[in-house]
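Protein chains: 2
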Amino acid sequence: MKSSSGDHPPLNNTDNSSLDHSDYSLLMLDNQLCFSLYVCSKEIIKKYKPLLDPYGLTYTGYIILMALWEKDNVTVKELGTRLYLDSGTLTPMLKKLEVQGYIKRIRSSTDERNVFIHLTEKGREFREEALQFPKELMCTLDLTPEYAGGLLQALHQMMQKLEVEESQGKD
Amino acid sequence: MKSSSGDHPPLNNTDNSSLDHSDYSLLMLDNQLCFSLYVCSKEIIKKYKPLLDPYGLTYTGYIILMALWEKDNVTVKELGTRLYLDSGTLTPMLKKLEVQGYIKRIRSSTDERNVFIHLTEKGREFREEALQFPKELMCTLDLTPEYAGGLLQALHQMMQKLEVEESQGKD
DNA sequence: TATAATTAAATTGCTTACAATCCAATTAAA
DNA sequence: TTTAATTGGATTGTAAGCAATTTAATTATA
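Quick note, the sequences are listed as chains A and B, same order. Here my numbering is used: the first residue of the first sequence is 1, the next is one more, and so on. Here my numbering is used: the first residue of the second sequence is 172, the next is one more, and so on.
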């Protein structure tokens, strides 16, 4: 209970002690949305490591499997859209997952540009193991479902904004 | 205005169509806090690229400078703590920033294990240029200050939880 | 049909990030 | 003091991740 005015400067710190009138407060790390997103995502992904290591998976491999659990037999392109990853990341990743036996890559015969990815039995079975992960992490982070839900909603809104930008800002 | 029940599945999707009683809903990407954090941070960092490129800086270089604007003349260790980065990332990064003329690295004479980092004139001057970045990005993301503030607060709370964990969970 | 444009995936090169290790300097313990 | 433990940075190896390019397949256009 030492947080209120603790180590972290207040969000509206103005820091106008210098001579000019510039307001540098928006440049402070603690006021930067991107920095906290960046730190939180990195640190949480680190928490996944001990859970995933036993299965030879990384976080990226894990989200690929998650995407496939929701919708199996999709193209690399489709996976990339869903996961915000491009082929430069996915192709080697998928090859590795195939070697590990989690998925199969099958080039379409009707349109040979497409490679369809689908789960193997092992890939489907891993889902059962993964069922426990969210609980363990929620516990680690000590989040209530309501709180997490609110945060999620905010982040999804942001993702939508980011997507909208993408399709527009083709300057 | 097509969002309300749009592309994103509802957060409490239960997906219990399968035969067993398992609740896979927590394993869905859209219900995963970490995944949205990961995507948001990556995508926003991409938005920084065109702003930073002209200065030869990456996002990581940028946050290093931000940290130094707040507190100059700190050790690599201290920077690492502030930025959640280790020496394996910082050392090469700092060497590059020094070559570019933004900072100087000076090994302490009283304790030669410490290397102090401080801004050069160029590093300080860049702060003035950076003053415009937050506005441009807030605009890009179309966020109100209140909304961003709330989100920030939530993320800082999470960072604190993550830190607490760190110092405890030495199993 | 021949040619151009588009598309999906793969490849290449480069940067960030971290774990693990190493090394030198300092501090603690014997 | 000598030896052991700790500390701060640097180094090494490996894995993402992305931009840019390439290749092959498909589709659109002339």
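Backbone N, C-alpha and C define an ideal beta-carbon position, used for all residues, glycine too.
- The shortest CA-to-CA distance from residue 62 of chain A to any of A/119, A/38, A/31 is the one to A/119.
- Residue contact check for residue 215 of chain B against chain A: a CB pair falls below 7 Å.
- Checking the DSSP bridge columns, you'll see residue 119 of chain A partnered with A/103.
- In terms of CA proximity to residue 265 of chain B, B/294 leads the group B/294, B/241, B/282.
- Neighbours of residue 208 of chain B across chain A, judged by C-beta separation under 7 Å: 37, 40, 41, 44, 155.
- Within the segment 92 to 103 of chain A, no residue places its CB atom closer than 7 Å to a CB of chain B.
- For residue 117 of chain A, no CB of chain B lies under 7 Å from its own CB, so it is not counted at the interface with that chain.
- By DSSP's assignment, residue 245 of chain B forms a beta bridge with B/288.
- When the beta-carbon positions are compared, residue 79 of chain A and residue 67 of chain A come within less than 7 Å of each other.
- A check of alpha carbon separations from residue 296 of chain B across B/274, B/285, B/281, B/333 identifies B/274 as the nearest.
- With fewer than 16 neighbouring CB atoms inside 10 Å of its own CB, residue 324 of chain B falls in the exposed class.
- Relative to residue 253 of chain B, the option among B/241, B/262, B/259 whose CA is nearest is B/241.
- Residue state for residue 56 of chain A is assigned as coil, using DSSP reduced to three classes.
- Cβ neighbours of residue 35 of chain A within its own chain (closer than 8 Å, five residues either side excluded): 29.
- In the DSSP annotation of this structure, the continuous segment of the alpha helix (DSSP H) that includes residue 307 of chain B starts and ends at 304 to 312.
- DSSP places residue 256 of chain B outside both helix and strand once states are collapsed to three, so it counts as coil.
- Within the same chain, no residue comes within 6 Å of residue 312 of chain B by CB-CB distance, once the 5 residues on both sides are set aside.
- Its chain contains 59 as the residues whose beta carbon lies nearer than 7 Å to that of residue 45 of chain A, once the 5 sequence neighbours on both sides are disregarded; these appear in chain order.
- When rounded, the separation of the alpha-carbon atoms in residue 212 of chain B and residue 221 of chain B is 16 Å.
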